[in-house]
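Engineer: Sending over a structure as structure tokens; questions will come in a sec.
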Amino acid sequence: MSISRREFLKASALTAAAAAIGVEPLLNSKTLAAAAQEGVIWHKSVCRLCGAGCGVMLGVKDGKPFGVRGDKENTINAGILCVKAFYLHKMITAKNRLLYPMVRKDGKLVRASWDEAMNLVASRFKEILEKHGPDALAYYGSGQAQTEETYLANRLFKGFIGTNNVEGNPRLCMASAVGGYISSFGADEPIGTYDDIEHCELFLLVGTNTAEAHPVLYDRIVSRKKKHPSTKIVIIDPRKTPTNRIADLHLQVKPGYDLAIMHAIARILIKEGFTDEQFIKDSVVFSDGKDPISYDDYKTFLEKYTPEYAAEQAGINPSEIVQAARIFGQSPTAMTMWTMGVNQRVAGVFLNNLIHNIHLLTGKLGKPGSDSFSLTGQPNACGGVREGGGLCHLLPGHRSVENEQHRKEIAEIWMTTPEKIQPKPGKHTIAMFEGVANGDIKGLFVLCTNPAQSLPNLNKYLKGMSDVFLVITESFHPTETSKIADVVLPVAFWGEKEGVYGCSERRSQHLAKALKPMGEALWDGDVLIDLAKRMGYGAYFEHFKTPEDVWNEYLKTTKGKGLDLTGAPYERLKKVRGLRWPVPNVNHPGTGHRFTEGDPLFPKDKAGSRRMYFYAKPEGKAVIFARPDKGPEEPTSADYPIALTTGRILEQWHTMTMTGQVPELVRANPNPYVEINPDDAKAWGISSRDKVKLTTKRGSLTVEAKVIDRPRKGTIFLPWHWPESLTNILTIDAVDPGSKEPEYKVAACKVEKA
Amino acid sequence: MKKTPYLITSLIFVSLLAAGFVTNSGNNSTQQLPPKDKHPEVDWSIGCAECHEEMTPKVFQEWNESRHGQVNFGCYICHGDGQEVFYKKGKDEGCLGCHAAQEVNYKQLKVKSCFDCHNGHTLKFHNENK
């Protein structure tokens with residue numbers, strides 16, 4: 003074969019590019035392949051950051067991470083990555099990877115063998131169990147853990163140790179969405195899917211900075227608006243964010259005072275004839291939260307919520323509410339999306355209900371382009387914790403510990419006795435850490451999360467966390483939690499283990515193991531199985547040889563349930579880009595809209611001519627709630643006149659254990675800061691880069707000011723990522739009475755020049 | 002922030018940008034930093050976009066109005082963090098981290114680089130707006 007130099011160069015460039023993206027070389031001659039690209043194997047995986055569920059291909063060469071690229075076959079992201087996912091491969095080999103077990107001796111963490119570390123954990127846990135009973139132990143997991151990991155932990159703690167003190171960080175971010183979905187529709191998780199985005203003509207974004215928190219979904223919304231410029235974007239949020247770039251209307255509300263707006267919108271929808279009366283008649287009932295009420299009662303309830311009243315509550319113009327309501331009413335389709343701005347509130351469940359209300363009133367549900375869609379913050383909060391039952395009141399497969407039949411069903415699968423599973427819910431997250439603080443809980447196992455930075459009102463809990471026998475499995479060290487732990491166990495990171503994640507749209511996806519874990523790290527599941535064996539439960543765990551064994555047992559818990567995943571074994575998940583439940587058999591394609599005719603659980607005989615049948619509710623009818631317009635737990639006052647709200651930035655994720663290791667991401671915003679409205683800054687004599695002291699009733703923090711027209715006047719915004727500047731010293735740990743989710747989004751604060 | 006020396010060095014830097022798209026740290030961890038690529042010493046406590054908005058407003062504006070700017074695909078994606086990693090010119094592997102689906106067009110166009118067609122920070126085709 004003879005080729006010219008010019009042809010060689012051209013072919014080399016093309017071949018290198020082809021190899022880099024994991025496709026067959028453009029020319030057949032392998033001799034032209036660039037040496038650096040040869041031997042790269044691309045593995046199908048899913049991003050381990052937010053809850054969008056983007057497909058990521060991880061390239062491995064010579065047993066080491068080579069790079070990442072978006073998975074173009076995955077319909078969630080179609081090959082696109084956000085800036086954080088762009089660096090996932092760098093996180094695998096980050097300098098702060100934890101490579102060996104450590105135990106605390108004489109106050110210091112020192113290297114130990116796995117055997118020594120696990121013997122210590124098992125012996126201390128057994129000692130606590132014998133002396134103080136099962137409820138002196140607790141497990142605190144993560145929406146980043148794989149379903150198999152959460153399933154094993156749930157099984158061990160609830161089914162064998164015998165405590166329902168099993169929680170996870172989704173309590174801090176998604177519990178209110180769960181409460182909203184269950185109370186309004188009868189079942190957790192959205193009715194529709196991301197596919198609705200491409201059919202939607204109005205996006206109502208409430209308490210979500212989609213551009214920064216869910217960048218790839220934002221990209222899809224941008225694309226939708228670009229292709230169909232008539233698509234409207236309406237935002238309800240206390241802050242202007244990068245999402246505002248595509249907004250048609252922004253209701254910039256006072257933090258914590260938006261419930262009345264949703265009622266006012268509902269009132270206008272009814273008064274101006276935008277409701278779907280047939281849908282209401284067929285598929286909706288009304289409730290005041292305690293008792294059933296009539297449609298007329300509901301209308302009477304709404305009379306209080308004039309645009310003027312709601313606008314006064316929220317500190318906006320009444321015409322903005324009227325405009326928003328009319329846009330919603332006139333739009334043929336509508337998706338409301340929300341995140342922490344709705345959920346992390348003492349009225350989080352109520353606000354979820356009120357969002358569902360306007361979709362139920364207008365019938366904008368269960369059809370292409372319309373849904374009431376909660377965006378999840380973590381990659382497996384839905385899959386592992388919500389579906390897997392990794393909270394103190396739940397059992398796998400959307401079951402409850404309080405239900406005797408549910409306990410029997412799960413006990414049989416778990417090979418334990420129903421009596422071993424307590425019928426009373428354990429301690430929810432805040433109660434659990436109160437138990438840690440007051441000594442009721444004496445041994446705590448933390449998996450893949452960092453509560454010493456992420457809990458609200460941190461000063462209240464940190465000492466207790468230092469005093470308790472604290473065990474943590476982590477891929478990184480130090481974190482704020484690993485620094486105070488008694489035993490730190492190194493575990494495999496993304497790409498080093500296989501498992502399943504379930505994202506915001508009910509889609510379960512398989513993540514391949516592409517690499518050997520670094521150092522002495524093990525799969526979290528093996529650590530839990532080892533702990534079970536050392537505590538004397540080996541006979542009930544030794545059949546789990548692989549993550550697939552765990553998944554197969556988990557699938558049994560979903561059979562016949564609303565989240566049926568029977569048709570999603572590993573063999574199938576490895577081939578496809580996820581499946582959206584219910585997927586009751588291996589030939590089923592998965593479900594688009596639940597509670598409609600396309601849903602395999604849709605009872606056609608009962609539904610008759612009804613378009614939607616909410617089969618998890620009596621008579622198949624969803625509930626419109628007349629909830630009070632509850633404000634924040636801690637309104638501003640003379641002493642604390644400023645509203646503090648917290649949140650995220652694009653380039654960082656949670657407590658920075660991963661993204662904080664990537665220099666490029668750190669470059670975007672190198673230091674902690676607080677956003678201050680220019681009018682406030684002028685009044686307070688503060689300029690950008692001045693140091694300011696922020697004080698709430700719970701503590702003080704000094705941080706750099708960024709004067710910027712983003713938060714509304716009288717509100718400051720404090721990102722929570724930086725471990726050297728613990729935002730959660732300031733936040734309040736008051737919780738929603740239903741969901742037990744804390745109100746991270748609103749606290750009363752004062753600001754002084756430091 | 003020491004803006005005077007920065008202004009001089011940034012002018013040099015801007016001239017380097019004139020050739021088109023600068024950069025990429027990319028999706029490939031094996032890329033090496035060419036020795037001549039060095040970002041001017043600046044106040045590193047300021048974020049890249051924040052500083053460039055003031056110091057190189059035209060470049061910032063071009064990026065900000067581009068599709069990458071719209072979805073906040075920041076400077077660092079292509080240029081690196083400036084300290085540990087800095088790239089003056091983009092490498093296609095970085096683009097292909099997201100735009101793998103564009104490979105077919107790339108082949109058909111018979112060009113060597115994404116940047117043979119896509120212009121600087123605007124990312125538009127060269128012949129657009131002319």
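Which chain is which? The protein sequence lines are A and B, in order. For the first sequence, the tail end lands on 756 under our numbering, and the numbers increase by one without skipping. For the second sequence, the tail end lands on 131 under our numbering, and the numbers increase by one without skipping. Just so you know, even glycine gets a beta-carbon here, dropped at the ideal spot from N, CA and C.
Taking Cβ positions only, does Q62/B come closer than 8 Å to chain A?
Structural biologist: Not one chain A Cβ lies under 8 Å of Q62/B.
Engineer: With DSSP collapsed to three states, give me the class of L446/A.
Structural biologist: Strand.
Engineer: Could one say the Cβ of F478/A lies closer than 8 Å to chain B's Cβ atoms, at least one of them?
Structural biologist: No, F478/A lies away from the interface with chain B (no Cβ there is under 8 Å from its Cβ).
Engineer: Relative to the C-alpha of G772/A, which candidate in L219/A, H395/A and A624/A has its C-alpha closest?
Structural biologist: No answer is possible for residue 772/A: the residues shown for chain A start at 3 and end at 756.
Engineer: Figure out for me which residue from E653/A, K708/A and W340/A has the closest Cα to the Cα of L207/A.
Structural biologist: Selected option, being the one with the closest Cα: W340/A.
Engineer: In the DSSP assignment, the alpha helix (DSSP H) including K128/A goes from what residue to what residue?
Structural biologist: Counting along the chain, the alpha helix (DSSP H) containing K128/A begins and ends at W116 to H134.
Engineer: Determine, for L124/B, whether the minimum Cβ-Cβ distance to residues of chain A falls below 8 Å.
Structural biologist: No - not a single Cβ of chain A is within 8 Å of the one on L124/B.
Engineer: Does the separation of the CB atoms of H430/A and K755/A fall below 8 Å?
Structural biologist: Contact: no.
Engineer: Please work out which residues of its chain come closer than 6 Å, Cβ to Cβ, to T245/A, disregarding the five sequence neighbours upstream and downstream, and give them in chain order.
Structural biologist: Contacts found: N211, T212 and A213.
Engineer: Using a Cβ-Cβ cutoff of 7 Å, what residues of the region 68-91 of chain B are near chain A? List them in chain order.
Structural biologist: If the cut-off is 7 Å between Cβ atoms, the region 68-91 of chain B has Q71, V72, N73, F74, G75, Y77, I78, G81, D82, G83, Q84, E85 and V86 near chain A.
Engineer: Could you work out which residue in F495/A, L696/A, W496/A and D469/A is closest to T483/A when comparing CA atoms only?
Structural biologist: Per the Cα distances, D469/A.
Engineer: Here's a check: name, in chain order, each residue in its chain whose Cβ is nearer than 6 Å to the Cβ of C450/A, leaving out the five neighbours to either side.
Structural biologist: These residues qualify, in order along the chain: S144, Q146 and A147.
Engineer: Ordered along the chain, which non-local residues of its own chain (more than five positions away) have a Cβ less than 6 Å from that of R409/A?
Structural biologist: So the list reads P420 and I423, once near-sequence residues are dropped.
Engineer: Could you please give the first and the last residue of the uninterrupted alpha helix (DSSP H) stretch that includes A433/A?
Structural biologist: Note, A433/A: alpha helix (DSSP H), T431 to N440.
Engineer: Would you say V224/A lies against chain E (beta-carbon separation less than 8 Å)?
Structural biologist: Absent from the structure is chain E; the protein chains it does hold are A and B.
Engineer: How is the beta strand (DSSP E) around C751/A delimited, first residue to last?
Structural biologist: A749 to K755 is the span of the beta strand (DSSP E), which, as asked, contains C751/A.
Engineer: Mind checking whether D373/A and I78/A have CB atoms under 8 Å apart?
Structural biologist: Cβ atoms of D373/A and I78/A: not closer than 8 Å.
Engineer: Going along the chain, which residues of the region 185-201 of chain A sit with their C-beta nearer than 9 Å to a C-beta in chain B?
Structural biologist: So nothing in the stretch comes that close.
Engineer: Ignore the nearest five residues each way along the sequence and tell me which others in K227/A's own chain have a CB closer than 6 Å to its CB.
Structural biologist: Within the same chain, K227/A has close Cβ partners T233 and I248.
Engineer: Is N246/A helix, strand or coil by DSSP?
Structural biologist: Three-state DSSP puts N246/A in a helix.
Engineer: Where does the unbroken alpha helix (DSSP H) through V403/A begin, and where does it stop?
Structural biologist: Neither: V403/A is in no alpha helix (DSSP H) and is coded neither H nor E.
Engineer: Out of A179/A, E573/A and T638/A, which has the shortest C-alpha to C-alpha gap to K718/A?
Structural biologist: One detail in the question is off: residue 718/A reads as Ile in this sequence, not Lys. Comparing Cα positions, the closest option is T638/A.
Engineer: Look at F159/A and T152/A and say whether their C-beta atoms are less than 8 Å apart.
Structural biologist: Not in contact: F159/A and T152/A (Cβ atoms no closer than 8 Å).
Engineer: Going along the chain, which residues of its own chain have a beta-carbon closer than 6 Å to the beta-carbon of F543/A, five neighbours each way excluded?
Structural biologist: If we look at F543/A and ignore the five residues flanking it on each side, its Cβ neighbours are I531 and A534.
Engineer: Near I43/A, which residues of its chain fall below 6 Å by C-beta distance, leaving aside the five closest residues on each side in sequence?
Structural biologist: Taken in chain order, the residues that qualify are V62.
Engineer: Relative to the alpha-carbon of F288/A, which residue among S186/A, S477/A, A54/A and I130/A has its alpha-carbon at the smallest distance?
Structural biologist: The shortest Cα separation from F288/A among S186/A, S477/A, A54/A and I130/A belongs to S186/A.
Engineer: Flag H40/B as yes if its beta-carbon sits less than 8 Å from any beta-carbon of chain A, otherwise no.
Structural biologist: False, the Cβ-Cβ gap to chain A never drops below 8 Å.
Engineer: Check this for me: beta carbons of V351/A and S510/A, under 8 Å apart or not?
Structural biologist: It is not a contact, given that the beta carbons lie outside the stated cut-off.
Engineer: With H, G and I counted as helix, E and B as strand and the rest as coil, what does DSSP make of G385/A?
Structural biologist: Of the three classes helix, strand and coil, the one that applies to G385/A here is helix, per DSSP.
Engineer: According to DSSP, is Q511/A helix, strand or coil?
Structural biologist: Three-state result, Q511/A: strand.
Engineer: Along the region 646-670 of chain A, what residues have a CB closer than 9 Å to any CB found in chain B?
Structural biologist: Against chain B - using a Cβ distance shorter than 9 Å - the residues of the region 646-670 of chain A are L652, E653, V664, P665, E666, L667, V668, R669 and A670.
Engineer: Is there a Cβ from chain A that is less than 8 Å from the Cβ of C99/B?
Structural biologist: Yes, C99/B lies at the interface with chain A (some Cβ there is under 8 Å from its Cβ).
Engineer: Which residues does DSSP list as the beta-bridge partners of K369/A?
Structural biologist: Bridge partners of K369/A: S372/A.
Engineer: Is the beta carbon of G95/B closer than 8 Å to that of C79/B?
Structural biologist: Taking 8 Å as the Cβ cut-off, C79/B and G95/B qualify as a contacting pair.
Engineer: Apart from the five residues on each side of it in sequence, which residues of its chain come closer than 6 Å, Cβ to Cβ, to M417/A?
Structural biologist: Taken in chain order, the residues that qualify are Y542.
Engineer: If you draw a straight line from the C-alpha of H100/B to the C-alpha of V70/A, how long is it?
Structural biologist: Those two C-alpha atoms are separated by around 12 Å.
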